[in-house]
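Protein sequence lines correspond, in order, to chains B and V.
Going letter by letter, the first sequence gives residues 2 to 303 in our numbering.
Going letter by letter, the second sequence gives residues 193 to 502 in our numbering.
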Amino acid sequence: MSRKKIRGYREFLYVLPFLILVAVFAYYPLYGWIYAFYDYKPPALLSDSQFVGLKWFTFMLDTEIKRKQIWQVLLNTFGISGLSMLFSWFPMMFAVFLNEIKCEPYKKFVQTVTTLPNFISWVLVFAIAFCVFNTTGVVNSLLMDLGLIKTPIAFLKSNEHIWFKMWLWLTWKNAGWAAIMYIAAITGIDEELIDAAKVDGANRWKTIWHITIPSILPTYLVLLFLNMANFLSNGMEQFYVFQNSFNKDYIQVLDLYVYNVAYEGGSYPLATAIGVLKSVVSIVLLCVMNGISKLTRGENFI
Amino acid sequence: MADNDVKKKKTHKHLDPADTLMTVITYIVYTVFAFVCVYPFYYIFINTISNNDLSGRGKIRFWPQDLHLTNYVNVSHIPALKSAFGISLARTLIGALLTVAASAFLGYMFTRETMWKRKLWYRMVVVTMYFNAGIIPFVITMRNIHLYDTFWVYILPTVVSPFYIVLCKTFVESVPKELTDAAELDGCGTMRTFTAIIIPVIKPILATVAIFSMVAQWNSFQDNVLLAPSPKLATLQFTLYQYINQASSLKALVNSTGNAASLAASLAHAATATSIRMTVTIVVVAPILLVYPIFQRYFVKGIMIGAVKG
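See below:
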């Protein structure tokens with residue numbers, strides 16, 4: 002055996018511990034899908050649980066009430082994901098118009114400040130929402146002093162416009178950060194292109210429309226496709242912290258529903274079954290979007 | 193670039209009013225957006241150092257009044273908060289340290305063409321970015337391997353983070369090959385080359401990874417909810433969430449009783465409760481606000497590399 006080969010094996014041994022970590026924390030949990038087919042209650046063992054076949058998959062739809070609940074959960078997921086998709090151009094336009102500002106310190110200030118909320122947790126976002134919007138918070142007290150309302154509005158304890166509110170918080174948290182990608186792309190535009198357009202008599206609007214936007218459109222499309230692939234995954238954290246008994250029906254997206262079924266309903270196998278279905282659909286979505294990306298842009302994004 | 197800006201300004205000086213209007217509107221919109229992003233932090237901070245009664249009635253809006261630090265003193269005496277601070281700090285430091293070390297090492301190792309089946313292992317790691325088993329199977333797995341409700345459940349799953357590995361690998365690949373070749377001619381082995389040559393060169397990207405993973409650890413909340421129910425493992429994020437939720441349930445209870453005397457008593461209490469909640473919020477957000485100006489420089493670099501690669 003050559004020295005090179007021995008060295009190759011030794012190098013493999015160096016990374017082996019890390020590969021084991023990956024196997025345990027990323028691959029082994031996939032085996033946990035099997036719990037969707039058992040009558041499992043933690044902390045029991047799988048061997049003590051009874052195999053029930055597809056029971057949980059039919060169980061989730063077997064009464065009118067459950068069908069209604071699942072339908073509402075899907076509506077919420079589609080509503081909230083749909084809203085972010087509908088406004089997915091917002092960070093791009095944010096970057097485009099920010100680029101039009103010629104006062105560098107101001108531009109830098111806006112960029113720095115609007116990126117900040119991305120780095121705080123959803124718990125902190127909720128804490129901030131609570132401090133600002135609770136019945137004695139600045140918004141209510143200001144509206145009362147201005148005489149616009151007589152009694153404080155319970156902004157957080159209501160189910161009105163909850164999808165839109167969730168989208169607003171998401172935008173507050175993410176827009177500045179999402180814009181950075183586009184700002185990077187705009188910085189990469191060839192100056193000569195813009196100068197040439199000017200020589201041809203293009204004004205600001207025309208430069209934006211014919212040069213800036215087409216140059217960053219590929220970035221936008223990649224991100225859009227990725228978002229679409231994640232259509233069912235809103236994450237649970239945002240909705241977990243904002244949920245309460247007033248808004249629960251309209252805030253419960255799939256990820257939160259899975260959590261609630263397991264931790265509040267106490268049914269791990271049912272939650273796993275829903276999660277498995279979600280994962281399967283998500284994988285299909287990812288493949289479809291990758292295929293569309295290949296067709297339209299000629300490259301994979303995976 | 194600067195030259196060009198001046199030129200643009202000159203040509204745009206006497207342009208049509210639509211152009212000026214657009215400039216004005218952009219400035220207004222961005223100023224509003226910036227205000228909305230900054231004001232909540234400022235608002236909460238001035239409330240924590242102002243008269244609690246005024247604050248409880250929402251009267252502190254732009255300037256602090258009757259400055260005092262009682263809230264911070266009070267908060268520092270809450271035992272649950274001290275323990276939570278310890279847990280959050282520990283997971284931030286230990287977690288980030290291990291993640292940085294693993295990302296640097298794997299980022300380098302995956303460039304070693306001599307490694308047995310290198311490409312396979314690299315793919316096996318990177319592809320985990322695109323799928324996960326879902327929260328419940330993950331929770332069951334953590335139960336099965338006895339990490340459930342231990343401190344290490346915060347740390348071990350984050351040690352190998354594919355995104356950071358890709359960042360590091362990209363950076364290592366930009367290191368001139370002559371450098372590592374020369375080291376090897378001098379008799380450096382794989383590990384010696386890593387510690388003596390690679391680490392010093394890739395320091396900038398390691399700083400980026402360190403700050404990203406520190407922020408992620410500090411902010412992490414979901415793993416606490418899902419995997420660590422013991423109060424002794426509660427993080428600051430979890431404790432803050434509980435304080436806010438308990439206080440709101442407390443208030444709901446008061447409002448539903450409708451008794452005038454108890455209402456008055458509880459309003460005084462509610463003022464303190466609000467102040468405590470705001471103070472804890474500031475305590476939890478402070479580390480992020482403090483490191484933000486430093487790492488703001490780094491992440492732009494980080495995301496650019498990621499974008500080029502991604």
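Even for Gly, the Cβ is constructed at its ideal location relative to N, Cα and C.
Treat the numbers as computed from the prediction; the structure is a model and nothing was measured.
ask   = Which residues does DSSP pair with B/D40 in a beta bridge?
value = Partner residues in the beta bridge of B/D40, as assigned by DSSP, are B/Q51.
query = Can the beta-carbon of V/A325 be found closer than 9 Å to that of B/P30?
reply = Yes. Within cutoff.
key: CB-CB length for B/I181 against B/S216, believed under 8 Å   = The pair is not a contact, with the Cβ atoms about 16 Å apart (cut-off 8 Å).
query = Counting pairs of beta carbons, one from the segment 223-237 of chain B and one from the segment 285-302 of chain B, are three or more of them closer than 8 Å?
reply = Taking 8 Å as the limit for Cβ pairs, the verdict is that the segment 285-302 of chain B does touch the segment 223-237 of chain B.
query = Would you say B/L84 and B/W168 are within 9 Å of each other, going by their C-beta atoms?
reply = Yes.
query = Going by the CB atoms, is the gap between B/V124 and B/E238 shorter than 9 Å?
reply = Yes. Within cutoff.
query = Of all the options V/R315, V/T306, V/E370 and V/I328, which has the alpha carbon lying nearest to the alpha carbon of V/I357?
reply = Looking at the Cα atoms, V/R315 is the closest of the given residues.
query = By the criterion of Cβ-Cβ separation under 8 Å, what are the contact partners of B/W173 in chain V?
reply = Within chain V, the residues near B/W173 are V228 and C229.
Among B/V277, B/T115 and B/T116, the one whose alpha carbon lies nearest that of B/F58 = Cα-wise, what sits closest to B/F58 is B/V277.
query = Any Cβ of chain V within less than 9 Å of the Cβ of B/N135?
reply = Closer than 9 Å to some Cβ of chain V, the Cβ of B/N135 qualifies, so yes.
request  = Whole angstroms is fine: what's the gap from B/V259's alpha carbon to B/F120's?
outcome  = B/V259 and B/F120: Cα-Cα distance of roughly 26 Å.
key: Contacts around B/P92, its chain only, beta-carbon distance under 6 Å, and the 5 residues preceding and following it disregarded   = Taking B/P92 as the centre and dropping the five residues before and after it, the same chain places the C-beta of A176, A179 and A180 closer than 6 Å to its C-beta, in chain order.
inquiry  = So, does the segment 327-346 of chain V touch the segment 253-272 of chain B, judging by three or more C-beta pairs under 8 Å?
reply    = Segments in contact, yes.
query = Count the other CB atoms within 10 Å of the CB of B/I184; is the residue buried (16 or more) or exposed (fewer)?
reply = Buried.
ask   = Quick one: which chain B residues come within Cβ less than 8 Å of V/Q429?
value = The contacting residues are S122, V124 and L125.
message = Against chain B, does V/G287 count as a neighbour if the rule is that its beta carbon must be under 9 Å from one of theirs?
response = False, the Cβ-Cβ gap to chain B never drops below 9 Å.
key: Unbroken alpha helix (DSSP H) run spanning B/F226, endpoints   = Looking at the DSSP string, the run of the alpha helix (DSSP H) that includes B/F226 is I214 to A230.
query = Under 9 Å between the Cβ atoms of V/N243 and V/H260?
reply = Taking 9 Å as the Cβ cut-off, V/N243 and V/H260 qualify as a contacting pair.
request  = Would you check if the distance between the CB atom of V/T427 and the CB atom of V/N416 is smaller than 9 Å?
outcome  = Between V/T427 and V/N416, the C-beta gap is smaller than 9 Å, which places the two residues in contact.
Option nearest B/S234 by Cα separation, candidates B/M145, B/V23 and B/V254 = Measuring from the Cα of B/S234, the nearest candidate turns out to be B/V254.
ask   = In chain V, what lies closer than 7 Å to B/G266 by C-beta?
value = Below the 7 Å Cβ cutoff, chain V contributes no neighbours of B/G266, its closest Cβ being approximately 12 Å away.
inquiry  = I'd like to know if the segment 300-311 of chain V and the segment 11-18 of chain B are in contact, where contact means that at least 3 CB-CB pairs between them fall below 8 Å.
reply    = Enough Cβ pairs lie closer than 8 Å, so yes.
query = How would you write the range of the alpha helix (DSSP H) that V/T262 sits in, first residue to last?
reply = From DSSP, the alpha helix (DSSP H) with V/T262 extends over T262 to S268.
ask   = Closest Cβ-Cβ distance between V/R253 and chain B: below 9 Å?
value = With 9 Å as the cut-off, V/R253 counts as an interface residue toward chain B.
query = Is V/T342 near the ligand NAD, in the sense that its beta carbon is under 8 Å from a heavy atom of that ligand?
reply = Absence of the ligand NAD from the depicted structure is noted, as is the absence of any ligand whatsoever, leaving it without description.
key: Given 8 Å, three or more beta-carbon pairs between the segment 251-270 of chain V and the segment 351-368 of chain V   = Output reads no: the segment 351-368 of chain V does not touch the segment 251-270 of chain V.
inquiry  = Counting only Cβ pairs nearer than 7 Å, list the residues of chain V close to B/T113.
reply    = Against chain V, a Cβ distance below 7 Å from B/T113 picks out Q488.
key: Rounded C-alpha distance that separates B/D196 from B/T213   = The straight-line gap from Cα to Cα measures roughly 12 Å.
inquiry  = According to DSSP, simplified to helix, strand and coil, what is B/E101?
reply    = Of the three classes helix, strand and coil, the one that applies to B/E101 here is coil, per DSSP.
Partner residues on chain V for B/M237, Cβ-Cβ distance less than 8 Å = Contacts between B/M237 and chain V, judged by CB atoms closer than 8 Å, involve I327 and Q414 in chain order.
ask   = With contact counted as at least three CB pairs below 8 Å, one residue from each stretch, are the segment 214-229 of chain V and the segment 101-113 of chain B in contact?
value = Touching, per the Cβ criterion.
task = Kindly list, in the order they appear in chain B, the residues whose Cβ is closer than 7 Å to that of V/V477.
result = Contact of V/V477 with chain B by beta-carbon distance below 7 Å involves I121 and L125.
message = Judging by CA-CA distance, which residue of V/T464, V/V319, V/V483 and V/P423 is the nearest neighbour of B/L287?
response = The option with the nearest alpha carbon to B/L287 is V/V319.
Between the CA atoms of V/F413 and V/F430 - distance to the nearest angstrom = A direct Cα-to-Cα measurement between V/F430 and V/F413 gives close to 6 Å.
key: Presumed contact (8 Å Cβ cut-off) between V/R283 and V/Y340, rounded CB distance   = Taking C-beta atoms under 8 Å as the contact rule, V/R283 and V/Y340 fail to qualify, at a distance of about 16 Å.
ask   = Going by the beta-carbon positions, is the gap between V/A466 and V/S247 smaller than 9 Å?
value = Here the sequence assigns Thr to residue 466 of chain V, which means Ala is not the residue at that position. Taking 9 Å as the cut-off, the Cβ atoms of V/T466 and V/S247 count as close.
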